[in-house]
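Since the structure comes first, as structure tokens, the remarks are kept for the end.
There are 2 protein chains.
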Amino acid sequence: MVGGGQLARMTHQAAIALGQSLRVLAQAPDDGAALVAADVQYGDHTDLAALRTFAKGCDVVTFDHEHVPTEHIRALAAEGVKLFPPADALLHAQDKRVMRERLGELGAPNPAWRPVADPADLVAFGDAQGWPVVLKAARGGYDGRGVWPVDDAAQAAELAATLLAGGTRLIVEERVALRRELAVQVARSPFGQVAAYPVVETVQVGGICVEVLAPAPGLPEELAVAAQQLAIDLATALGVVGLLAVELFETPAGLVVNELAMRPHNSGHWTIEGARTSQFEQHLRAVLDYPMGDTSLAAPVVVMANVLGGQPGGISIDERLHHLFAAEPGAKVHLYGKQVRPGRKIGHVTVLGDDLTDVRARAARAAHWLTEGTPA
Amino acid sequence: MVGGGQLARMTHQAAIALGQSLRVLAQAPDDGAALVAADVQYGDHTDLAALRTFAKGCDVVTFDHEHVPTEHIRALAAEGVKLFPPADALLHAQDKRVMRERLGELGAPNPAWRPVADPADLVAFGDAQGWPVVLKAARGGYDGRGVWPVDDAAQAAELAATLLAGGTRLIVEERVALRRELAVQVARSPFGQVAAYPVVETVQVGGICVEVLAPAPGLPEELAVAAQQLAIDLATALGVVGLLAVELFETPAGLVVNELAMRPHNSGHWTIEGARTSQFEQHLRAVLDYPMGDTSLAAPVVVMANVLGGQPGGISIDERLHHLFAAEPGAKVHLYGKQVRPGRKIGHVTVLGDDLTDVRARAARAAHWLTEGTPA
């Protein structure tokens, strides 16, 4: 797996059960996966030579992020390296413009959008669709970065000029009237088998996912099935191998695709305990061309809460764990071995149960202990 | 963790979630845990110098087997190393004579037994209790080794003479009229908190555990509670820190203690998916003095089947996994990274569900695919 973050860390846990040991291409010894994996190489994921050395002897190469240059993936594939997802699929998770164009061709539900090659494009779009609109970098954004809400034509012209001058490729999207955000994950094998997880609700604060509710509360069955079918169709049409996460806006007019990710995804961390097959095992099964695992829920209600780094000071992480475990013996904790920085994702907690209000409160309390070191 | 086998391998998986990385003292690079852990040292667990080097910088030292000499544990503890379980507790899992004596003092249910210092002791015991009897090495036995059924006085005299001449310390026990074997696990922290898992049935073939049924089918509630209470009382009386597995015989006269283990145990592998807290996480929580995790069942019925190495030849383990995953998408597989040898434990599978007959058949089919490479 190229990338040594928490996704590789948790994929290594799943690999162990399958009798494997994940080889990780990390950047530094304190990367989350480098701290725990036996087979770690160091190098930059934008360095073709490092990628080539890394790939030697791997059965298959996969990714913990979208930042490996497409041309490197193509070059390695041409040399006979097996990489999943393939470059032609991954491009749709790397480049929002490519994604929007392809979704349009496939008839998948896009918001109104257009490429922005000139500030005038943005102003014209906003004037036509109504302000505010959402300006996005085509590449490189995550966790709210690379996304700019734009309120009016004056702000639009200045911001777009600055970004375009800096070489940022841009698209603009309408600001959809969203009720809430949903996500659906599927895994697809080279053989073509696709397995879908239940649709979840993702709760974002400041562009960062803080909470995932599985299954999405009160989602009508026909919408859930439509979302799963959409993800299955996209995985198949794009030739995804491995996981595909489809982030969705639920709007009064129906579902709209927000983003795609082709790797284990924060919206799927709940599956470690909450589904019969975790997303990490499923991703490995998919890229190894094994048959897919059972995606059913392990409890009626599953809530995952991210643990963000809090302000410096206060009691140690170790003491926080003590308090959390005493307060919530059933909370499942996953810490990523990262240095704490305010707002940084340093772990997550998952709680299973029968009652959404109760389970959600328990997950929030558990995450609060780890973030703040105080009772909620 | 001293010892690099599958117990350390699975403990490492649990340590990752807690934000830790397990340091392992392994014997060889192909030990199950050495294949997957980041922090591996090599050395013999009977070498005090190797143990001393290993313990430097560890928060706490614990064990994946019972074979570390008691005097070494005492020596390290005297030097200020924190080791759990402590030597005085672990001795009862290392030495069956010490265990039987202490259980007798505590009023715990022993079979009839006595030490055998001379062949005549064995003959006298058999003549008094009735043949056959079971001769056991006080130290070093596992998976059926170090246990000899003895049918009559003639065989007894010859076998005991041979073993005693070889320096083996011996005890003899009556052959109990067992209905089945049960096991109960508890974890105890230095603070003194104890948490008990549900009582399970263990199915043995040739002295090797092949199947664990959780909870033990049809076990009367009062017997289950009595078994849990017995394990809690023993953990407390012996000063165990970490896991204690109490292996029990269910007899017409009630429960009888067979053996003790103070580490993650084969009878608890079902807890990885089948309980809210796995035995591996629970052991870490206990030795780190964290509050204990929820031990409740994750499904009404959980069955664990061991995967033993089959005869050489046939399809590869990788192909076997393909067939198993296609046949049983819900089976959870744990492979230990070991070379296959006939009869060697190379992994296990766990199946969760509602109906014992169905779940048991599915687990057996899954294990059969991995052992034999053919449909059951």
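So the protein lines, in turn, are chains R and G. Okay, so the first sequence: first residue is 1 according to UniProt numbering, each after it adds one. Okay, so the second sequence: first residue is 1 according to UniProt numbering, each after it adds one. The beta-carbon is built from N, C-alpha and C at its ideal position, and this holds for glycine as well. Given the structure is predicted, the values throughout are model-derived calculations rather than measurements.
With 16 or more neighbouring CB atoms inside 10 Å of its own CB, ILE346 (chain R) falls in the buried class.
DSSP places GLU101 (chain R) in the helix class (H, G or I) of the three-state scheme.
Neighbours of GLY347 (chain R) across chain G, judged by C-beta separation under 8 angstroms: GLY19.
Put simply, the stretch 227–239 of chain G does not touch the stretch 61–73 of chain G. Fewer than three CB pairs are less than 8 angstroms apart.
By the CB criterion at 8 angstroms, ALA305 (chain G) and ALA364 (chain G) fall inside the cutoff. Taking a Cβ-Cβ cut-off of 7 angstroms, ASP64 (chain R) has no neighbours in chain G, whose nearest Cβ is about 15 angstroms from it. Proximity of chain R to GLY330 (chain G) at the Cβ level (cut-off 9 angstroms) is accounted for by ARG276, THR277, GLY293, ASP294 and SER296, in chain order.
Among the residues of chain G, those whose CB is under 7 angstroms from the CB of HIS334 (chain R) are ALA17, following chain order. DSSP places TRP148 (chain G) in no alpha helix (DSSP H) but in the uninterrupted beta strand (DSSP E) bounded by 147–150. For the pair of segments examined, the stretch 248–263 of chain G was found to touch the stretch 174–188 of chain G: the number of CB pairs separated by less than 8 angstroms reaches three.
Excluding its 5 nearest sequence neighbours in each direction, GLY242 (chain G) has C-beta neighbours in its own chain below 8 angstroms: THR62, PHE84, PRO85, ALA187, ARG188, MET262, ARG263, HIS283, ALA286 and VAL287, listed in chain order. Look at ILE315 (chain G): its C-beta is not under 8 angstroms from any C-beta on chain R.
In the DSSP annotation of this structure, the continuous segment of the alpha helix (DSSP H) that includes PHE54 (chain G) starts and ends at 48–55. When only Cα atoms are considered, GLY4 (chain G) and HIS334 (chain G) end up about 16 angstroms apart. Under the three-state reduction of DSSP, GLN229 (chain G) is assigned to helix. Under the Cβ criterion (8 angstroms, minimum of three pairs), the stretch 131–142 of chain G counts as touching the stretch 160–174 of chain G. Under a 10 Å Cβ-count criterion, GLY166 (chain G) is classified as exposed, with fewer than 16 other Cβ atoms of the shown protein chains found around its own Cβ. Within the stretch 162–207 of chain G, no run of alpha helix (DSSP H) at least 4 residues long lies entirely inside it. Annotation: VAL68 (chain R) to HIS12 (chain G) spans about 29 angstroms, alpha carbon to alpha carbon. Contact between the stretch 351–367 of chain R and the stretch 27–44 of chain R is absent: fewer than 3 CB-CB pairs across the two stretches fall below 8 angstroms. Taken through DSSP and simplified to helix, strand or coil, GLU158 (chain R) comes out as helix.
Any Cβ of chain G closer than 8 angstroms to the Cβ of LEU321 (chain R) would place that residue at the interface, and such an atom is present. By the Cβ rule, the stretch 207–214 of chain G counts as touching the stretch 295–303 of chain G, because three or more pairs are nearer than 8 angstroms.
Assignment of beta-bridge partners to LYS345 (chain R) by DSSP yields R:LEU308. ALA38 (chain G) reaches chain R at ALA34, LEU35, VAL36, ALA37, ALA38 and VAL40, counting residues in chain order whose Cβ is nearer than 8 angstroms. The stretch 152–163 of chain R and the stretch 116–135 of chain R touch, with three or more beta-carbon pairs separated by less than 8 angstroms. DSSP, read as helix, strand or coil, puts VAL359 (chain G) in helix.
Exclusion of the five residues before and after LEU106 (chain R) leaves ALA237 as the residues of its chain whose Cβ lies within less than 6 angstroms of its Cβ. Following the DSSP letters along the chain, one finds GLY242 (chain R) inside the beta strand (DSSP E) bounded by residues 242–251. With its beta carbon at least 8 angstroms from every one in chain G, PHE125 (chain R) lies outside the interface.
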